[in-house]
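**Q** Residue numbers (the working numbering): 1 to 136.
We treat Cβ as the ideally placed atom computed from N, Cα and C, and that holds for glycine.
Quick caveat, the model's predicted, so the values are computed rather than measured.
1. Could you work out which residue in 58, 34, 66 and 115 is closest to residue 80 when comparing CA atoms only?
2. Need the endpoints of the alpha helix (DSSP H) that residue 79 sits in, please.
3. Using the C-alpha atoms, what's the distance from residue 41 back to residue 103?
4. Considering residue 150, what are the terminal residues of the alpha helix (DSSP H) in which it resides?
5. Does DSSP put residue 38 in a helix, in a strand, or in coil?
6. Taking the alpha-carbon positions, what's the residue 111 to residue 131 distance?
7. Output the distance between the C-alpha atoms of residue 66 and residue 120, rounded to the nearest integer angstrom.
8. Locate the alpha helix (DSSP H) running through residue 66, then write down its first and last residues.
9. Buried or exposed: which applies to residue 71, given that a residue is buried once 16 or more other Cβ atoms fall within 10 Å of its Cβ?
If you want it as structure tokens, here you go:
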């Protein structure tokens with residue numbers, strides 16, 4: 001693991017997911033995966049990250065824009081503090097995601113985490129596979 005988070009109590013969440021590493025995140029446990037469906041060949045679960053037209057950061061940006069200033073500051077400080085023990089690659093990946101949600105959000109997180117904003121902006125322009133490769 002490149003970053004460690006502790007959980008205070010057992011969660012049913014872990015019945016369906018297994019912990020992986022920073023490259024693949026949490027992944028479904030094989031015992032709950034749907035089998036392939038034969039429709040003129042095998043069809044598997046659709047991963048939105050594979051669709052360049054899917055804006056998976058819009059909701060995060062929408063939430064950021066409705067937060068009051070004190071809540072924005074609280075979010076930034078809490079996240080920067082929680083991610084502090086993580087390796088730099090994880091911090092940059094998260095900062096790029098914040099920037100994709102909202103430019104101000106990304107800038108403020110990068111500043112709080114002591115990251116280079118120009119690098120965050122460059123990373124935010126990469127597609128998902130390129131971002132993962134650049135932040136391994």
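**A** Reading from the atomic positions:
1. 115
2. 69-83
3. 42 Å
4. This structure gives no information on residue 150, because the portion of the chain shown stretches from 1 to 136.
5. strand
6. 20 Å
7. 23 Å
8. 58-66
9. exposed
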